[in-house]
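Chemist: Residue numbers (the working numbering): 9 to 585.
#1: Can you tell me which of 114, 309, 158 puts its alpha carbon nearest to the alpha carbon of residue 193?
#2: At the level of alpha carbons, what is the spacing between residue 198 and residue 338?
#3: Alpha carbon to alpha carbon, what distance is there between residue 453 and residue 391?
#4: For residue 401 and residue 430, which I take to be in contact (beta-carbon distance under 8 Å), what is that distance rounded to the nearest angstrom?
#5: Give the straight-line distance between the Cα atoms of residue 576 and residue 523, rounded to the nearest whole angstrom.
#6: Nearest CA to the CA of residue 451: which residue from 480, 176, 584, 424?
#7: Among all the DSSP beta bridges, which residues are the ones paired with residue 3?
#8: Can you give me the C-alpha to C-alpha distance between residue 425 and residue 369, rounded to a whole angstrom?
#9: Give the C-beta separation of residue 393 and residue 416 to the nearest angstrom, bearing in mind that I take them to be a contact with Cβ-Cβ under 8 Å.
#10: Check each candidate in 39, 228, 248 and name the one with the smallest Cα separation from residue 341.
#11: Closest to residue 463 by CA distance: which of 457, 173, 490 is it?
#12: Let me check understanding here. Comparing Cα to Cα, which of 562, 540, 170 lies closest to residue 583?
#13: Start and end of the beta strand (DSSP E) containing residue 133?
#14: Per DSSP, what kind of secondary structure is residue 496 in: helix, strand or coil?
#15: Thinking residue 326 and residue 238 are a contact (beta carbons under 8 Å), I'd like their distance in whole angstroms, please.
#16: Given this structure, state the Cα-to-Cα distance separating residue 207 from residue 242, to the nearest angstrom.
#17: Would you mind stating whether residue 466 and residue 423 have Cβ atoms separated by less than 7 Å?
#18: Hey, how far is the Cα of residue 316 from the Cα of residue 141?
#19: Just curious, the beta strand (DSSP E) that residue 241 is in, first and last residue?
#20: Please go through the stretch 143-198 and give each complete alpha helix (DSSP H) segment of 4 or more residues, from N-terminal end onward.
#21: What does a CB cutoff of less than 7 Å around residue 190 pick up in its chain, not counting 5 residues either side in sequence?
#22: Are residue 573 and residue 505 touching if we call contact CB-CB under 7 Å?
#23: I'd like the span of the beta strand (DSSP E) that includes residue 281, first residue to last.
#24: Identify every residue that forms a DSSP beta bridge with residue 332.
#25: Helix, strand or coil for residue 404? Go by DSSP, reduced to three states.
#26: According to DSSP, what are the bridge partners of residue 105?
#27: Which partner residues of residue 394 appear in the DSSP bridge assignment?
#28: Is it a yes or a no for the stretch 179-190 touching the stretch 114-128, going by three-plus beta-carbon pairs under 8 Å?
#29: In the DSSP assignment, find the alpha helix (DSSP H) that holds residue 274 and state where it starts and stops.
#30: Under three-state DSSP, which class holds residue 232?
#31: My parser needs the alpha helix (DSSP H) runs of 4 or more residues fully inside the stretch 468-539; what are they?
#32: Thinking residue 603 and residue 377 are a contact (beta carbons under 8 Å), I'd like their distance in whole angstroms, please.
#33: How about residue 313 and residue 358: do their beta carbons lie closer than 7 Å?
#34: Taking the straight line between their C-alpha atoms, what separation do you get for residue 544 and residue 493?
#35: I need the boundaries of the alpha helix (DSSP H) containing residue 323, first residue and last residue.
#36: Quick one, which of 244, 171, 263 has its alpha-carbon nearest residue 254's?
Shown next, in the form of structure tokens:
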């Protein structure tokens, strides 16, 4: 390895000489393995250079995710900022350690932290629903056993009247609390049974049975759960999941995903993203938060929206939700065993039930605007400031805070209960932008976002002029505006039809309509120039009759360019001329 001299300096606690030797090794271009990482992290921790130590620990675990000494050193790193997370690192070191002598040493560190008043880590219960999918369910349980410390968790399985033999296999397992239902109780009903059967003091991990738990995925979920005292739930990223929890990288085999998981389930700077909701396929819940918010609402049986409903109740109770970008769990995405037609029908029914219960359409407010975010040109390390008008629950702002860790964001939302939810985790206030006084200083924002908002205003040009003084001199508006010229509106109009809808270009709450020309004119009158124009298209199938009408329309003299009829929405930035 060539680390003999460095090892000698570390053994003799000559930290100055060790740092110099590390500098020599770094200049030589030597790749970092786990041995070098241990020596370097030890040196830098002793020298008080904790962030240098963290980077070496990260690189070492990338090389060997099972190295218990690196988790022990990671515990040393966290002790000065969060003893609960430090304790979890020592527990993970204990899980991977095979040396009896070192095990005793690690346990002494755990015991010392347990005696401190701030320590409050709980064990956890994994609540797993079983409904057929025998081989996949067995694979899930085996992955839990292989990658979770047995001293920290219990496994509670609720079988929802399976018929493929999985029930008989489950009955033979000695490490499972098993509940066998005579009928399918659905996801919320089954989960509630499992939660009630779990140890009453334990945190809860709701886990789909069609998942594979890769190494350290649960460890990082727990690390995030204990990041602050107000974190109520944490969720994983995956290959098959909604809510912007799906990773961009896509592979063909489970083996490839496992390799990917080993590369990302490691220490990560800014690993957690604030979320308004988390998908229940892998949802870690703090016991106290769950006790306050209550169990899953069984009106949503057999499934869909029960996790959203729980997340709303957690938020209203003041708990925060975090998505862990360094916790990857594989998801087959077929655990409920229902056919697609049935699933779709239940999904839409439960969407209406949710709307009746809470007074708003969840889907309308929880889609992040990635194309708007793509208009931000600042470096990721810059301390940008962003205001969003009509921010909903703040999903786009939360994503900006994750991508730009030093960002300062603020939002204004007109719907009271929506703004109240967003205000639990972001700086969001409720108000009508057309009538309210603004609490912000002039020239304080790099970006002001109007994402599908201007068409809802009675006087959008007046509001643009109102907001201009709040932009920094080089600041920009980031906008998206639907195009009234889109053929999905134009063709029915030529047939005498103009029907408002719940969403889209003819959203019944729209009071102004725009073409590209009218957009450009409005911003011109405000003294602004449009840049970085993106055209978003949406192809809605046309009947033969509609296609003939459209083709004939395009042949008329003096008609607008045909591409303007294909534009569903315009996304752009605008700055002062």
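Every residue, glycine too, gets a C-beta built ideally from N, C-alpha and C.
Modeler: Per the coordinate set shown:
#1: 309
#2: Residue 198 and residue 338 have their C-alpha atoms spaced approximately 22 Å apart.
#3: About 11 Å.
#4: Residue 430 and residue 401 do touch by the CB rule: their CB atoms are close to 4 Å apart, below 8 Å.
#5: Rounded to the nearest whole angstrom, the C-alpha separation of residue 576 and residue 523 is 10 Å.
#6: 480
#7: The requested residue 3 does not occur in the structure, where the chain is confined to residues 9 to 585.
#8: 11 Å
#9: 5 Å
#10: 248
#11: 490
#12: 540
#13: 132-138
#14: Annotated three-state conformation of residue 496 is helix, per DSSP.
#15: 7 Å
#16: 20 Å
#17: no
#18: 25 Å
#19: 239-245
#20: 174-179
#21: When the five nearest sequence neighbours on each side are left out, the beta carbons in the same chain lying within less than 7 Å of the beta carbon of residue 190 are those of 169, in order along the chain.
#22: Going by C-beta atoms, residue 573 is not nearer than 7 Å to residue 505.
#23: 280-283
#24: 244, 280
#25: helix
#26: Answer is none; residue 105 lacks a bridge partner.
#27: 417, 455
#28: no
#29: Taken as a continuous stretch (DSSP letters only), residue 274 belongs to no alpha helix (DSSP H), as it is neither H nor E.
#30: helix
#31: 468-475, 495-502, 524-533
#32: As displayed, the chain neither begins before 9 nor continues past 585, which places residue 603 out of reach and without an answer.
#33: yes
#34: 13 Å
#35: Judged by DSSP secondary structure, residue 323 falls within the alpha helix (DSSP H) whose first and last residues are 314-324.
#36: 244
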